[in-house]
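Once you know that position 64 of the sequence shown is 103 in my numbering, the rest is easy, because the numbers rise by one and skip nothing. Beta carbons are placed, not taken as given, at the ideal position from N, Cα and C, and that holds for glycine. Step one of this worksheet: look at the structure below.
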Amino acid sequence: MKNTSRCPWAADDKLMIKYHDEEWGVPLHNDRKLFEFLLLEGFQAGLSWRTILHKRKNFRKAFDNFDFNKIAKYDKRKINSLMKDEGIIRNKLKIESAVTNAKAFIQIRKEFGTFDKYIWSFVNYEPINNKFTSIKELPARTELSDKISEDLKKRGFKFVGSTVIYAHMQATGMVNDHLVYCFRYNQIKII
């Protein structure tokens, strides 16, 4: 889209622009996709989202298309093979956390029926529409992301600090953090 006002973080990277324009902030209710973002946000910790986004296809292939049932069954041999995969972030703690988180994710699904019901209950099943005018206003975490992070940790999740969870909330549309002048702000607000 030429001459379209969008959030400046998308910059001039084609993949980031596509992600911004089509995915980021859209309310998401599919458990596998929610797990995908939880896994990817965990791997992002300490890195840029651009790095993760450019490796997303590799992650998808390496982690069985983000099938949490399969990932929960990964053993040491599979973890060692992932450690050799140059297409992903080869951090053993993060790889092991994907397995731990898949198991905890399954437990939440058993308790609530879906992860979607669990995670969206924190926002009363309605996106929070913020009204930020500058990227400098975007928080890295909030009291709500603190609360969700704490609850996930109690349930056994790893790499789910408040900053990771707030990024997950932004990505999955629990909060609309498109800047008010961004063409996506109002489009997402009415979804």
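If one requires a minimum length of 4 residues, the alpha helix (DSSP H) runs lying completely within the stretch 123-207 are 131-151, 154-159 and 182-193, in chain order.
Relative to residue 229, the option among 44, 65 and 60 whose CA is nearest is 65. At a Cβ-Cβ threshold of 8 Å, residue 63 and residue 179 do not count as neighbours. For residue 224, the enclosing alpha helix (DSSP H) starts and ends at 222-228. For residue 90, the uninterrupted alpha helix (DSSP H) segment begins and ends at 88-93. DSSP assignment within the stretch 45-125 yields the following whole alpha helix (DSSP H) runs of 4 residues or more, N-terminal first: 53-61, 70-83, 88-93, 95-101, 107-110 and 115-122. Burial is judged here by how many other beta carbons sit within 10 angstroms of a residue's own beta carbon; residue 166 has at least 16 and is buried. In summary, residue 187 is buried, with 16 or more beta-carbon neighbours lying within 10 Å of its beta-carbon over all protein chains present. If you check the CB distance, residue 172 and residue 218 come in under 8 Å. Taking all protein chains in view, the Cβ of residue 160 is surrounded by fewer than 16 other Cβ atoms within 10 Å, so the residue is classified as exposed. Residue 155 has its alpha-carbon roughly 7 Å from the corresponding atom of residue 69.
The stretch 97-111 and the stretch 190-198 do not touch, with fewer than 3 CB-CB distances between them shorter than 8 Å.
For the 8 Å CB-CB criterion, residue 223 and residue 51 do not form a contact. In terms of CA proximity to residue 183, 207 leads the group 207, 94 and 153.
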